[in-house]
Amino acid sequence: MGKYALRRLAQMAPALFLVSVAVFMIIHLIPGDPAKIIAGPNATDEQLAALTRQFGLDRPLWEQYVTWLGNALTGNLGHSFINNYPVNQMIALRVPATLELALAATFIAVIIAFPLGILAALRPGSLVDLLSTLFAALSFAVPGFWLAILLILFFSLRLQWLPPSGRPDFADQPVEHVKALIMPALTLGIALAAKLARYLRSAMLDVLDRDYVRTARAKGLQERAVIVRHVLRNALIPVITVLGLQTGDLLSGAIIVESVFAWPGVGRLTVQAIGWRDYALLQADVLYIVLAFMVINLLTDLTYGFFDPRIRYQ
Amino acid sequence: MSTEPSTEPSAESRSLHQPSHEGESLTRLALQALLRHRSGMIGLIVTLALLLLAILAPAIAPYDPLEMHAPDRFQPPSRTYLMGTDEFGRDIFSRILIGSRISFSVGLVSIAIATILGVLVGLAAGYFGGWFDTVTMRFFDALLAFPAILLAIVILAILGPGSFTVILAVAIVNVPAFARLTRANVLAEKEREYIEATRAVGASASRIIFRHILPNVSSTLLVQITVSVASAVLLEAALSFLGLGTPPPAPSWGSMLSVGRGYLPLAPWYGIYPGLAITLLVMGLYLLGDGLRDALDPRRQKLV
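Going down the list, the protein sequences come from chains A and B. Oh and the first sequence: position 2 is 177 in the numbering used here, straight run, nothing missing. Oh and the second sequence: position 162 is 460 in the numbering used here, straight run, nothing missing.
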């Protein structure tokens, strides 16, 4: 297992390197002088010269990269161009909001997907099965930001039950906080639920065909026990994998959903950083999101390798 | 999807490389299979209908999409304005019609670029292997490490928003998928006997690649193209929604929704119709892709 983990890490290394180069290059690929980009349009020539020296922008590119990488590895990703706060701090403040959203969405997805997927597998061709197919197709086609708008139209404007945006502090207003969480979490969760239900359905259909299920039934085991003890347990393995992979998708979905609902998370910060032309913030943001994405994929691979030994020996 | 038991390999390869009916080509059979596929046909009809609307839009739009009717701001849907008006009194229906051209052009052009680039790289990487294969695949791994929307956002942050840069961004996001798919197919086909035979009679590499391998890869490519256009339309809409796409006053569906979001209490229709349009187009393409996948699956073909 350890060898497999090391192998996967080694495979990740080139991609990690390229990602770090790509993120570093963001500011250098923008047309124009990086010093001007940092300083803004009203900088004087002296300010530009000072900045160039300060950020080492007159050094060769590879040297700048190494410096940047060294700083990044010690956790120093610079300061925001706009308000000069350490970029790490700004991002760290937003992480809990995104994490909360992701967890809530996953929870919603699981409670919708499990009954739907299991029933669809147990009754193929039935109404439930048809619904799950339709649900999956719709979840692909309906844009997240449109679903968000529809939810706002219905729950905020029509019923006046839920706030259309914002995130009240949990300590001050716990009920309001939870109310504000519902629609963003629903938007992300519904899309995830549809995919999850499909995977669960096909994983279960696959397992239901297996010989050990036939044996269990032949032994006289009650259908309920067969489903829970044999089918579900084995079907869960690919589903957990999918859940892990989709968590990465949750991160990208969060970029849009947080923007629609003004949910102060890392995703929204990314979009704001672009609007502010705060490239230091954007670089750090992108780096963290991509790192999180890669780590989640790695962990998912390892979990799958743990459960299914055949994968480890490929 | 279906998990049918596979047919005998010899019958399967026969269906791929020779017509199984007298004078009936594989394309003909696939087309017939598609015509019989219910949801695939729905997808085809919806997509073609929307494409037709997009092409004829300037002729059939009741109003100029940029024309403002100041006294008629925020009108609800009526006989005069089929889908209501926006904050400038512009007819939303006309804007949606013209906006379909943006969705189609970005979707089709970006995927065309992605297909050409991705397939060329995939063919070379798969057939020649070696350092080219390693380098390009590692590069694409890095691209795939980015969530699609984030990669597009980064590219647009660098290049600036605009219709051409959006096409470029969406294309770049999709190149790795095409390269990988083509490469995997090439690796599989490379070992087949007919390729060995072609090599034995002295055919050049490019002849083998383009005359023999590529046609056999084309069916999976076609499915991937359809699905990719669907996701390209979604990505363009999302980028426009975030303000990174085609700049106003162009009636991109995504940016219409973004503006409409701010006026929901005044004009709920503003938040409904553009989204409906996106969903309809993407659904049509998705169903078409599904139908093509089933129609082109050799295991489902009726063999003689």
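The beta-carbon is built from N, C-alpha and C at its ideal position, and this holds for glycine as well.
Residue i classed as buried or exposed, judged by whether at least 16 other C-beta atoms fall within 10 angstroms
{"i": "leucine 305 (chain A)", "result": "exposed"}
{"i": "threonine 325 (chain B)", "result": "exposed"}
{"i": "asparagine 490 (chain A)", "result": "What the structure shows of chain A is the stretch from 176 to 489, and residue 490 (chain A) is not part of that stretch, so it cannot be assessed."}
{"i": "aspartate 453 (chain A)", "result": "buried"}
{"i": "valine 432 (chain A)", "result": "buried"}
{"i": "glutamate 487 (chain B)", "result": "buried"}
{"i": "methionine 604 (chain B)", "result": "With chain B covering only 299 through 602, there is no way to say anything about residue 604 (chain B)."}
{"i": "glycine 428 (chain B)", "result": "exposed"}
{"i": "valine 580 (chain B)", "result": "buried"}
{"i": "phenylalanine 282 (chain A)", "result": "exposed"}
{"i": "asparagine 472 (chain B)", "result": "buried"}
{"i": "leucine 504 (chain B)", "result": "The sequence as given places serine at residue 504 (chain B); leucine does not occur at that position. With fewer than 16 Cβ atoms within 10 Å of its Cβ, serine 504 (chain B) is classed as exposed."}
{"i": "arginine 388 (chain B)", "result": "buried"}
{"i": "serine 301 (chain A)", "result": "exposed"}
Proximity winner among the options, relative to residue i (alpha-carbon distances)
{"i": "phenylalanine 320 (chain A)", "options": "B:Val404, B:Ile451, B:Gly543 and B:Leu532", "result": "B:Leu532"}
{"i": "leucine 349 (chain B)", "options": "B:Ala593, B:Asp588, B:Ala410 and B:Leu578", "result": "B:Leu578"}
{"i": "isoleucine 511 (chain B)", "options": "B:Gln522, B:Val521 and B:Arg497", "result": "B:Arg497"}
{"i": "tyrosine 425 (chain B)", "options": "B:Ala475, B:Ser461, B:Ala410 and B:Arg481", "result": "B:Arg481"}
{"i": "valine 419 (chain B)", "options": "B:Arg334, B:Asp370 and B:Thr432", "result": "B:Thr432"}
{"i": "valine 401 (chain A)", "options": "A:Ile430, A:Phe256, A:Ile293 and A:Ala218", "result": "A:Ile293"}
{"i": "leucine 395 (chain B)", "options": "B:Ile358, B:Thr378 and B:Ile411", "result": "B:Ile358"}
{"i": "leucine 540 (chain B)", "options": "B:His335, B:Pro363 and B:Ile447", "result": "B:Ile447"}
{"i": "serine 553 (chain B)", "options": "B:Pro459, B:Val580 and B:Leu479", "result": "B:Pro459"}
{"i": "aspartate 362 (chain B)", "options": "B:Phe372, B:Ser376, B:Pro375 and B:Thr383", "result": "B:Thr383"}
{"i": "asparagine 259 (chain A)", "options": "A:Tyr240, A:Ala277, A:Leu375 and A:Ile213", "result": "A:Ile213"}
{"i": "serine 434 (chain A)", "options": "B:Ala536, B:Trp567, B:Arg388 and B:Trp551", "result": "B:Ala536"}
{"i": "isoleucine 287 (chain A)", "options": "A:Val303, A:Gly177, A:Arg183 and A:Ala185", "result": "A:Val303"}
{"i": "leucine 325 (chain A)", "options": "A:Gly341, A:Trp237, A:Thr219 and A:Leu361", "result": "A:Leu361"}
{"i": "alanine 312 (chain A)", "options": "A:Pro299, A:Ala372, A:Leu276 and A:Phe256", "result": "A:Ala372"}
{"i": "arginine 376 (chain A)", "options": "A:Arg298, A:Pro216, A:Lys354 and A:Ala467", "result": "A:Arg298"}
{"i": "alanine 277 (chain A)", "options": "A:Arg183, A:Gly253, A:Leu334 and A:Gly428", "result": "A:Gly428"}
{"i": "isoleucine 453 (chain B)", "options": "A:Phe481, A:Asp386 and A:Val461", "result": "A:Val461"}
Opening and closing residue of the alpha helix (DSSP H) in which residue i lies
{"i": "asparagine 246 (chain A)", "result": "236-248"}
{"i": "histidine 352 (chain A)", "result": "349-383"}
{"i": "isoleucine 493 (chain B)", "result": "491-498"}
{"i": "histidine 203 (chain A)", "result": "177-204"}
{"i": "glutamine 229 (chain A)", "result": "220-229"}
{"i": "threonine 383 (chain B)", "result": "First-last for threonine 383 (chain B): undefined, no H or E at that position."}
{"i": "glycine 420 (chain B)", "result": "390-426"}
C-beta neighbour in chain A for residue i, strict 8 Å
{"i": "proline 563 (chain B)", "result": "yes"}
{"i": "leucine 329 (chain B)", "result": "no"}
{"i": "isoleucine 451 (chain B)", "result": "yes"}
{"i": "histidine 319 (chain B)", "result": "Annotation note: pLDDT 48 at histidine 319 (chain B) (below 50); position unreliable, no value reported."}
{"i": "alanine 503 (chain B)", "result": "no"}
{"i": "methionine 339 (chain B)", "result": "no"}
{"i": "methionine 581 (chain B)", "result": "yes"}
{"i": "isoleucine 456 (chain B)", "result": "yes"}
{"i": "glycine 569 (chain B)", "result": "yes"}
{"i": "arginine 481 (chain B)", "result": "no"}
{"i": "glycine 460 (chain B)", "result": "no"}
{"i": "threonine 345 (chain B)", "result": "no"}
{"i": "proline 445 (chain B)", "result": "yes"}
Interface flag, residue i vs chain B, CB-CB below 8 Å
{"i": "leucine 367 (chain A)", "result": "no"}
{"i": "glycine 423 (chain A)", "result": "yes"}
{"i": "serine 301 (chain A)", "result": "no"}
{"i": "alanine 279 (chain A)", "result": "no"}
{"i": "proline 271 (chain A)", "result": "no"}
{"i": "leucine 204 (chain A)", "result": "yes"}
{"i": "tryptophan 336 (chain A)", "result": "no"}
{"i": "threonine 445 (chain A)", "result": "yes"}
{"i": "serine 434 (chain A)", "result": "yes"}
{"i": "leucine 305 (chain A)", "result": "no"}
{"i": "phenylalanine 315 (chain A)", "result": "yes"}
Residue i vs residue j beta-carbon contact at 8 Å
{"i": "leucine 346 (chain B)", "j": "isoleucine 327 (chain A)", "result": "no"}
{"i": "alanine 467 (chain B)", "j": "alanine 450 (chain B)", "result": "yes"}
{"i": "valine 417 (chain A)", "j": "arginine 269 (chain A)", "result": "no"}
{"i": "leucine 406 (chain A)", "j": "valine 382 (chain A)", "result": "Note that residue 406 (chain A) is valine in the sequence shown here, rather than leucine. Yes."}
{"i": "valine 198 (chain A)", "j": "glutamine 458 (chain A)", "result": "yes"}
{"i": "leucine 332 (chain B)", "j": "leucine 590 (chain B)", "result": "yes"}
{"i": "serine 314 (chain A)", "j": "alanine 369 (chain A)", "result": "yes"}
{"i": "glycine 364 (chain A)", "j": "alanine 355 (chain A)", "result": "no"}
{"i": "alanine 284 (chain A)", "j": "leucine 337 (chain A)", "result": "no"}
{"i": "glycine 397 (chain B)", "j": "serine 556 (chain B)", "result": "no"}
{"i": "methionine 379 (chain A)", "j": "alanine 410 (chain A)", "result": "yes"}
{"i": "glutamate 534 (chain B)", "j": "serine 337 (chain B)", "result": "no"}
The ligand NAP heavy atom lying under 7 Å from the CB of residue i
{"i": "alanine 355 (chain A)", "result": "By its list of ligands, the structure shown contains no ligand whatsoever, and the ligand NAP lies outside what it can speak to."}
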